[in-house]
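Engineer: Have a look at the structure that comes next, please.
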Amino acid sequence: MDLVIVESPAKAKTINKYLGSNYEVLASFGHIRDLPPKDGSVDPDNDFAMLWEVSGDRAKQLKAISDAAKRADHVILATDPDREGEAISWHLLEWLKAKKAVPKGGAQRVTFNEITKTTILAAMARPREIDLDLVDAYRARRALDYLVGFNLSPVLWRKLPGAKSAGRVQSVALRLIVERERDIEAHDAREYWTVEAAMAAGDHGFPARLSFWRGKKIDRFDLANEQDAMRARRDVEMGLFNVHAVETKPATRNPYPPFTTSTLQQEAARKLGFTASHTMRVAQGLYEEGRITYMRTDGVQIGSEAIAAVRDVIAKDYGSGPDVLPDKPRFYATKAKNAQEAHEAIRPTELTARPQKTPVGDADRLYALVWKRTVASQMASARMERTSIDLLDKTMQTGLRATGQVILSPGFLAVYTETSEDIASDSDDDEGRRLPRLKGGDSVAVKGVEAKQHFTEPPPRFSEASLVKRLEELGIGRPSTYAAILQTLRDRAYVRVEKNRFWAEEKGRLVTAFLERFFEKYVEYDFTADLETRLDNVSAGELDYLKVLRDFWDDFSPKTKEILELKPSDVTVALDEFLGPTLFPEKADGSDPRLCPTCGTGRLSLKTGKFGAFVACSNYPECRYTRQFAGENGGQESTGPIVLGDDPETGEPISLRSGRFGAYVQRGDGEKPPRASIPKDAPVTGPDDLELALRLLALPRTVGAHPETGEPITASIGRYGPYLAHSGKYARLTSTAEVFETGMNAAVVKLAEAAAAGPRARGTMAPLRELGPHPVSGAVMKLMAGRFGQYITDGTTNATVPKSEDGMTISIEDAGALIDARAAMPSKGKKPVKKAAVKKAPAAKKVAAAKPAAAKAVAKKAPAKKAAVKKVAVKE
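Per UniProt numbering, numbering of the sequence shown is gapless, rising by one per residue and ending at 876.
See the structure below:
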């Protein structure tokens, strides 16, 4: 009997169907060892020796693997065919050796790109040894990430209050988002006008745009104001136009190559609304079910047998004519920087397994996307005809242009259309427009003319798709890691996502500024990409991984020590100077941009406090002006008090202000004026919201006297949201509106229900929102209000909503991703841990009887997880 070890139970189940009774297939549940999150796990002074620790939640599975290995003839390591898969196999083999559980027949490695019977059996017939070059590349990456994380992050904690961590690739991805935010803020909108006419030739109408005026060609900004635009409009209205020239050009559009990891993430985001992490989870499931090939790849080529299968499907489903199926197969080569084409592109394993016409679940929707892209990649190019018609008036001083496009043969477009944000329409937004058949000299009539005002737009914020594409173009990171990187940025509250776009938060902007100022080299795109190239060279066996680590550490270590010696105040001063042009840009009137708008004498500067950075006046405490370090305007414009109006009772001004903790409203001035934070679901933006501001300042609101106790019931907004209070008892409300609208009867009922439910019965409370079915399991997901904030539950798993997101607006996909991520985490209350603690209790008592001091130490350590789980530490 041979033991086959794979990563996941789903993969084990599928493979088990293809192997006979002479094989036992077990799952390792991913990596079994990792570097423990503590100092000393990587020792630069000992040639970067690594201390690997067995994961505590793998104990049960590892025992099963050990027992099976001891009775097996051979061990076959069949983990994924990439660097991570090679590392998992290496860890398993090292652990089996340490346990002396390697059978006499030894251990061998097999890999396969798809989970089909033919491929599995072929792989079993071609075993090999573990590729140590891939393992070295894995070790180099883990060591680099550890060294950066455990040396750079403490610098952030001590020098930047509120900062949480900095990663090698994470920091560069964050810089891209922050730089785009700066570009948007620096954008100076420029006005321009266009003149568009509705033209007619006989019964055919078509639009045309002014392209020639007063004897010269019109550029984008030639009509810079309304006056010029109206003059041009009048000239068009009064003109008698004839066809001056008709130009027709044939055009073709070629199909796109099959999916790589990166392009799959991009297209799934655009077409299906999936996050990168959700795409990878669904793709992993499709791979383990044997429906698609391995989903972590940057190769765009597919095998000859697969190409033949694709062409057969095209011929059967769409025809075999030259406008559908080319005479020769198409072959693709990747253009991505540092691409490693070790694997095929992502494709269906069986092309005859056609997708459903109307896919229902996320797995079927993603499969349909993969199938269509693969089939389209071998189809004929789309052929089209682009037409341009130039019109001139009788004076030859005013001209119009009409453009259109006709698809002559759809080719691959009959199956698949790319949605890349960077692919502009081939005819200036006129794609698909049909124009009448005209020839030189034909007369056309003007039916109407309109002048339109426009402003130049700043560059768009990154979506997941465009950010992944940019990272790949720069050669930063690897596609398989992008999902985790982007999720980390969210979890750290360095960015937030609104309408599928990344917005840089204050923390993220400050961390990026700190790294640019003090660790500029390590957030440079070229440096990070070059490091990726060196790691790829390690994978190829062309470079020693220890040399990569030494070269990095020799420069990085002194830099971190140097910055650690700086005082936090020195860091703040340096950042104030570095960010000066951004925080305090020059004003048009030439006045001092740092002059305090409240007192008029103090100067503004960057400050740091317990909860992060902010801008404050130098005359504090006499002047209490503050503003956020950055906001929607990036802190460029002074966000001094906005007067909403006067309190009708006291006559004091009610103002809208921005502080370190967000926007708030304030009544009057003075040393400690009344203030109220502005809740997310009840925004205050201007004078029209004066009534709401007054109601917020009046909280808590007395609902009335409880009919049984006579004690008052109050409604207010606290740290965890809106609530009711009565005699030290509380009940949650679901919205700010309920704080002002809940009546006596409803308040009494809510308080009674909360008291009956008890503090631990949060799940019995009414949900804040019904989110819908889980994308994979189908279980109904609900948004609940918990003691520590909002959380999502599917009835089995509870997942906390990150502080950077609002559960009331979260998508089904993101909610499912949170549930999946929480379900994948090891449980904190596993039974084996409790049992281990009980078994050790008698020994602890004996020690207590003999040595009271030692007993105290044992008792103190007993509740810790690590004391209840057996771990094996191996030092290289």
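Heads up, the beta-carbon is just placed ideally off N, CA and C, and yes, glycines get one too.
Keep in mind the model is a prediction, meaning the values are calculated, not measured.
(1) Apart from the five residues on each side of it in sequence, which residues of its chain come closer than 6 Å, Cβ to Cβ, to Ala166?
(2) Report, in whole angstroms, the separation of the C-beta atoms of Ser658 and Val665, which I expect to be a contact under 8 Å.
(3) Return the residue from the list Arg180, Leu818, Ile115 and Gly670 that minimises the CA-CA distance to Ala484.
(4) Report the CB separation of Leu489 from Leu174 in whole angstroms; it is logged as a contact under 8 Å.
(5) Using the rule of at least 16 other Cβ atoms within 10 Å of the residue's Cβ for burial, across every protein chain shown, is His187 buried or exposed?
(6) For Val780 and Gln790, which I take to be in contact (beta-carbon distance under 8 Å), what is that distance rounded to the nearest angstrom?
(7) Using the Cβ count rule (16 or more neighbours within 10 Å means buried), how would you classify Glu577?
(8) Is Ile476 closer than 8 Å to Val148 when the C-beta atoms are compared?
(9) Should Gly440 go down as buried or exposed, given a rule of 16 or more other Cβ atoms within 10 Å for buried?
(10) Comparing alpha-carbon positions, which option in Glu691, Val449 and Gly590 lies nearest Met230?
(11) DSSP three-state call for Val169: helix, strand or coil?
(12) To the nearest angstrom, report how far apart Ala208 and Val178 are at their CA atoms.
(13) In this structure, how does DSSP classify residue 912 when only helix, strand and coil are distinguished?
(14) Going along the chain, which residues of its own chain have a beta-carbon closer than 7 Å to the beta-carbon of Pro326, five neighbours each way excluded?
(15) Can you confirm whether the stretch 461 to 475 touches the stretch 522 to 534 when touching is taken to mean that 3 or more C-beta pairs between the two stretches lie within less than 8 Å?
(16) Distance, Cα to Cα, Asn745 vs Pro767?
(17) Alpha carbon to alpha carbon, how far is Ala836 from Ser55?
(18) Grab me the residues of Trp213's own chain with a C-beta within less than 6 Å of its C-beta, minus the 5 sequence neighbours each way, in chain order.
(19) What number of angstroms, rounded off, separates the C-alpha of Arg401 from the C-alpha of Tyr192?
(20) Do Ala616 and Thr626 have their C-beta atoms within less than 8 Å of each other?
(21) What does a CB cutoff of less than 6 Å around Lys445 pick up in its chain, not counting 5 residues either side in sequence?
(22) Taking Tyr23 as part of the beta strand (DSSP E), name the residues at either end of that continuous run.
(23) I'd like to confirm the pairing. Which residues does DSSP put opposite Glu457 in its beta bridges?
(24) Among all the DSSP beta bridges, which residues are the ones paired with Cys617?
(25) Which word fits Met384, buried or exposed, when buried means at least 16 other C-beta atoms lie within 10 angstroms of its C-beta?
(26) The beta strand (DSSP E) spanning Tyr256 covers which residue range?
(27) Identify every residue that forms a DSSP beta bridge with Gln108.
(28) Which same chain residues, not among the five before or five after Ala140, have their C-beta less than 7 Å away from its C-beta?
(29) What do you get for Leu134, buried or exposed, if any count of 16 or more other CB atoms within 10 angstroms of its CB means buried?
(30) Quickly, what does DSSP pair Met781 with across the bridge? List them, please.
(31) May I ask you to check if the CB of Ala200 is nearer than 7 Å to at least one heavy atom of the ligand SAM?
(32) On a Cα-Cα basis, can you pick out the residue from His454, Trp371 and Ala315 that is closest to Arg291?
(33) With a threshold of 6 Å on Cβ separation, who are the neighbours of Ala283 within its own chain once the five nearest residues in sequence on each side are excluded?
(34) Below 8 Å between beta carbons: does that hold for Ala363 and Leu286?
(35) Excluding the 5 residues preceding and the 5 following Glu622 in the sequence, name in chain order all residues of the same chain whose CB lies nearer than 6 Å to its CB.
(36) For the alpha helix (DSSP H) holding Val4, just list the boundary residues, first then last.
Structural biologist: If we stick to the structure as given:
(1) What you label residue 166 is simply residue 166 of the sequence shown in a count that begins at 1. Same-chain partners within the cutoff: Leu152, Ser153 and Leu156.
(2) Here the question's residue 658 lines up with position 658 in the sequence shown. Here the question's residue 665 lines up with position 665 in the sequence shown. Wrong, their Cβ atoms sit about 11 Å apart, outside the cutoff.
(3) To locate residue 484, count along the sequence shown from 1; it is residue 484. The shortest C-alpha separation from Ala484 is found at Leu818.
(4) Reading the sequence shown from its first residue, position 489 is the one you call residue 489. Reading the sequence shown from its first residue, position 174 is the one you call residue 174. About 6 Å separates the two Cβ atoms, so the contact holds.
(5) As a first step, residue 187 is located in the sequence shown; it is residue number 187 there, counting from the start. Its Cβ having fewer than 16 others within 10 Å, His187 is exposed.
(6) For the purposes of this step, residue 780 is taken as the residue at position 780 of the sequence shown. For the purposes of this step, residue 790 is taken as the residue at position 790 of the sequence shown. With 8 Å as the limit, Val780 and Gln790 do not qualify as a contact, their Cβ atoms being about 17 Å apart.
(7) Position 577 of the sequence shown, counted from the first residue, corresponds to residue 577. Flag for Glu577 reads exposed.
(8) Here the question's residue 148 lines up with position 148 in the sequence shown. Here the question's residue 476 lines up with position 476 in the sequence shown. No, the Cβ-Cβ distance between Val148 and Ile476 is not below 8 Å.
(9) Locating residue 440 in the sequence shown gives position 440, where the first residue counts as 1. Classification for Gly440: exposed.
(10) Translated into the one-based positions of the sequence shown, residue 230 becomes position 230. With distances taken between Cα atoms, Met230 lies closest to Val449.
(11) For the purposes of this step, residue 169 is taken as residue 169 along the sequence shown, with counting starting at 1. It is coil, neither helix nor strand.
(12) Position 208 of the sequence shown, counting from 1, holds the residue named residue 208. Position 178 of the sequence shown, counting from 1, holds the residue named residue 178. For Ala208 and Val178, the distance between alpha carbons rounds to 40 Å.
(13) The requested residue 912 does not occur in the structure, where the chain is confined to residues 1 to 876.
(14) Within the sequence shown, residue 326 is the residue found at index 326, counting from 1. Ala380.
(15) yes
(16) Counting from 1 along the sequence shown, the entry for residue 745 is found at position 745. Counting from 1 along the sequence shown, the entry for residue 767 is found at position 767. Using only the alpha carbons, I get a separation of about 20 Å.
(17) Translated into the one-based positions of the sequence shown, residue 836 becomes position 836. Translated into the one-based positions of the sequence shown, residue 55 becomes position 55. For Ala836, the predicted structure reports a pLDDT of 40, less than 50, and the residue's modelled location is therefore unreliable. The matter cannot be settled from this model.
(18) The residue you call residue 213 lines up with position 213 of the sequence shown. Counting only Cβ-Cβ distances below 6 Å, and skipping sequence neighbours, we find Ala232 and Thr398.
(19) Reading the sequence shown from its first residue, position 401 is the one you call residue 401. Reading the sequence shown from its first residue, position 192 is the one you call residue 192. For Arg401 and Tyr192, the distance between alpha carbons rounds to 18 Å.
(20) Your numbering for residue 616 matches position 616 in the sequence shown. Your numbering for residue 626 matches position 626 in the sequence shown. Yes; because the gap between Cβ atoms is below 8 Å, this pair is in contact.
(21) In the sequence shown, residue 445 corresponds to position 445, counting from 1. With the sequence shown as reference, residue 445 is identified as Ala, and Lys is not the correct amino acid for it. Result list for Ala445: Ala200, in chain order.
(22) On the sequence shown, position 23 is the one that residue 23 refers to. Its beta strand (DSSP E) spans residues Tyr23 to Ala27.
(23) By 1-based counting over the sequence shown, the position of residue 457 is 457. DSSP lists no partner for Glu457.
(24) Reading the sequence shown from its first residue, position 617 is the one you call residue 617. In DSSP, Cys617 forms a bridge with Leu604.
(25) Indexing the sequence shown from 1 puts residue 384 at position 384. Flag for Met384 reads buried.
(26) Taking the first residue of the sequence shown as 1, we reach residue 256 at position 256. First-last for Tyr256: undefined, no H or E at that position.
(27) Translated into the one-based positions of the sequence shown, residue 108 becomes position 108. BP columns for Gln108 point to Ile76.
(28) Residue numbering aside, residue 140 sits at position 140 when the sequence shown is read from its first letter. Only Leu535, Val538, Tyr545, Val548 and Leu549 meet the Cβ criterion.
(29) In the sequence shown, the residue the question calls residue 134 occupies position 134. Classification for Leu134: buried.
(30) Taking the sequence shown and counting its residues from 1, the one referred to as residue 781 is at position 781. BP columns for Met781 point to Gly772.
(31) Within the structure as shown, the ligand SAM is missing, as the structure has no ligands at all.
(32) As a position in the sequence shown, residue 291 is number 291, starting the count at 1. Measuring from the Cα of Arg291, the nearest candidate turns out to be Trp371.
(33) For this step, residue 283 is matched to residue 283 along the sequence shown. The residues are Met295.
(34) Along the sequence shown, read from residue 1 onward, the residue named residue 363 stands at position 363. Along the sequence shown, read from residue 1 onward, the residue named residue 286 stands at position 286. Cβ atoms of Ala363 and Leu286: closer than 8 Å.
(35) Looking up residue 622 in the sequence shown gives position 622. Nothing meets the Cβ criterion.
(36) As a working note, residue 4 is residue 4 in the sequence shown. That residue, Val4, is in no alpha helix (DSSP H); its beta strand (DSSP E) goes Asp2 to Val6.
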